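Enquirer: So that you can map any letter, position 129 of the sequence shown is 129 in the UniProt record's numbering, and since no number is skipped, the others follow by simple counting.
Backbone N, C-alpha and C define an ideal beta-carbon position, used for all residues, glycine too.
Nothing here was measured: the structure is a model prediction, and the numbers come from that model.
The structure follows.
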Amino acid sequence: MPTPTDSQNHGHRQRSSVRRSGQVYLDHAATHPTLPEAVEAMVGQLQRGGNPSAINGTGRAARRVLEESRDTIAQLLNVDPVEVVFTSGGTEADNLAVKGLYGQRHAEDPRRTRVVISAIEHPAVTESAQWLAAEHGAAVEFLDVDAQGFVDPHHLRRLLEHDPDSVALVAVMWANNEVGTIEPIQDLAAICHEFGVPFHTDAVQAFGAVDVDASQPGISTVAISGHKLGAPVGSGALVVGRSVKLTSTNHGGGQQRSLRSGTLDAAGAAAFAAAARTVTRDLTVEAERLATLRDRLIRGVLQAVPQAVLRGPQDFDHVGTRLPNNAHFTFPGAEGDSLLFLLDAAGFATSTGSACSAGVPRPSTVLLALGLDEDTARGAQRFTLGHGSTDDDVDALLAALPEVYARAKSAGMAGQVSTLH
Ligand SMILES: Cc1ncc(COP(=O)(O)O)c(C=O)c1O
């Protein structure tokens, strides 16, 4: 954990308007700029080297770095270090949880074939579940969400009450990556606990942004990712509760409780821990600062472009229903990609929020699950803030947006913007 001196040194780190590649960076949910603390920790360990499983002095030193990093991550999530299994990122962590829980539960009792997931999960969860259906006879059931993206705990209860013995696992994300909805995780986990069904939650967007207590009753596994909070891409972890049994998805040298074989990445773990320490320091204060900035952005967009519609919950009272750094809108009559390209040309890095498959823009499945029609869903634009974001970033966006919207609208819904190549 940080010492008082650490916190004095970094607590008042100067904020700079995050202009990467000359752009105002409003795409922190895609990846957070790598923090200097993470680079320093990573380079230091890369220079020292060593295989953490080797018993020589260099290996033992690398092991120390790795275990200290594990301790840090565990402490921030309020779990035991042994429960933190390092992975290459959020996708691997989600795959290990969904496939591993299913493998274990189904092996224990072949009646357990139902995989219950929310309708707005990240593809790392949805595709893992669909793969289980295609290859292992699982039956995937979706939990509906309301117009703001909230899963209804009563719906979960109804699904579990109907033949609980046939449910292999439940997965609901902590916070949604597109519209920022923070789910009622405590309630959902408690229901799963009641029925003795394992509960996985993808906290990739939540960890580092809001308090994530992975020790809450009923939570079996939690996925987190390093690059979403300022570590380089390639580090992540799955929290696997002590009593949770999981079938491993990769086999080898038996590292990390045999749940995730493979040479341990001490440098990646050190960077992950350093970034996590930095962003969670004064988390409440920073979350409040970002939520205030987010609300200024939301109000400003709705004023600058009155046709825009906020998607996901309004959290102007800061009760914690929306990620503090997320603002997401649909812009009627404009293609999300046109907005993105025009904003990009005007110096802003933004996102439509959802990945396109094979280069073909499709309406977001998350927005469709919220009840939007396809045309409306295609006008999506997400703005996500981070630790370097400032009032100036928001002001610059608000000044540019009306013209960008007008141009995107005149380009129509074909996704073609003539001035772009
Ligand atoms: C909610 C959520 N889950 C999982 C992932 C995948 O994480 P990673 O990029 O570390 O594989 C992402 C990344 O976009 C995400 O937003």
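1) Buried or exposed for Val366, going by 16 or more other Cβ atoms inside 10 Å?
2) Should the segment 154–169 be regarded as contacting the segment 193–201, the criterion being three or more beta carbon pairs within less than 8 Å?
3) Could you compute how far the alpha carbon of Asp6 sits from the alpha carbon of Ala271?
4) Taking the CB atoms as reference points, tell me whether Ala287 and Pro313 lie closer together than 8 Å.
5) If you compare alpha carbons, which of Glu92, Ala138, Ala291, Leu132 is closest to Arg114?
6) Return the CA-CA distance between Ala62 and Ala274, expressed in angstroms with no decimal places.
7) Within 10 angstroms of its Cβ, does Ala399 collect 16 or more other Cβ (buried), or is it exposed?
8) Express the C-alpha separation of Phe331 and Asp391 in angstroms, rounding to a whole number.
9) Using 7 Å as the cut-off, classify the Cβ of Gly90 as near or not near the heavy atoms of ligand 1, replying yes or no.
10) Which of the three DSSP states, helix, strand or coil, is assigned to Ala237?
11) In whole angstroms, what separates the C-alpha of Val285 from that of Phe86?
12) Please find out if some non-hydrogen atom of ligand 1 comes closer than 7 Å to the beta-carbon of Asn177.
13) Determine the extent of the beta strand (DSSP E) in which Ile224 is found, giving its start and end residues.
14) When the Cα atoms are used, what is the spatial distance from His328 to His162?
15) Is it the case that the CB of His32 approaches a heavy atom of ligand 1 more closely than 7 Å?
16) Any heavy atom of ligand 1 inside 7 Å of the beta-carbon of Val204?
17) Give the C-beta separation of Ala209 and Ala223 to the nearest angstrom, bearing in mind that I take them to be a contact with Cβ-Cβ under 8 Å.
18) Looking only at C-alpha atoms, which of Lys228, Ala266, Lys245 sits nearest to Asp71?
19) For Val65 and Asp152, what's the separation of their Cα atoms in angstroms?
20) Which residue's Cα is closest to the Cα of Thr249: Gly103, Phe207, Ser69, Thr280?
21) Less than 7 Å between the CB of His122 and some heavy atom of ligand 1, yes or no?
22) Classify Asn9 as buried or exposed, calling it buried when 16 or more other Cβ atoms lie within 10 Å of its own Cβ.
23) Among Thr350, Ala406, Arg257, Phe207, whose alpha-carbon lies nearest the alpha-carbon of Arg277?
24) Pick from Gln381, Asn326, Leu302: whose alpha carbon is nearest that of Leu340?
25) Distance check for Pro306 and Ser88, CA to CA, integer angstroms please.
26) Using only alpha-carbon positions, find the residue among Glu67, Pro184, His193, Tyr405 that is nearest to Pro164.
27) Can you look up Ser354 in the DSSP assignment and give me helix, strand or coil?
28) Between the Cα of Val79 and those of Thr384, Glu108, Ala237, spot the shortest distance and give me the residue it belongs to.
29) Can you tell me whether His28 sits near ligand 1, meaning its C-beta is under 7 Å from at least one heavy atom of the ligand?
30) On the criterion of 16 or more Cβ atoms from any shown chain inside 10 Å, does Ser243 qualify as buried, or is it exposed?
31) Taking the alpha carbon of Val239 as the reference point, which residue from Ser410, Val39, Pro81, Ala41 has its own alpha carbon closest?
32) Here's a check: name, in chain order, each residue in its chain whose Cβ is nearer than 7 Å to the Cβ of Leu401, leaving out the five neighbours to either side.
33) By Cβ distance, which residues of its chain are closer than 6 Å to Gln216, with the 5 residues on each side in sequence left out?
34) State the start and end residues of the unbroken beta strand (DSSP E) segment that holds Thr87.
Expert: Per the coordinate set shown:
1) buried
2) yes
3) Only weak support exists for where Asp6 lies, its pLDDT of 36 falling under 50; the coordinates are left without a value.
4) no
5) Ala138
6) 15 Å
7) exposed
8) 23 Å
9) Remark: the shortest separation between the CB of Gly90 and any heavy atom of ligand 1 falls under 7 Å.
10) strand
11) 28 Å
12) Yes, the beta carbon of Asn177 sits closer than 7 Å to at least one heavy atom of ligand 1.
13) 219–225
14) 36 Å
15) no
16) yes
17) The pair is not a contact, with the Cβ atoms about 14 Å apart (cut-off 8 Å).
18) Ala266
19) 42 Å
20) Gly103
21) yes
22) Legend: pLDDT at Asn9 = 37, less than 50; position of this residue unreliable, value from coordinates given subsequently. Burial call: exposed.
23) Phe207
24) Gln381
25) 42 Å
26) His193
27) coil
28) Closest option to Val79, judged by alpha-carbon separation, among Thr384, Glu108, Ala237: Ala237.
29) no
30) exposed
31) Pro81
32) Val301, Ala304, Val305
33) Only Gln186, Ala189 meet the Cβ criterion.
34) Taken as a continuous stretch (DSSP letters only), the beta strand (DSSP E) holding Thr87 covers 84–87.
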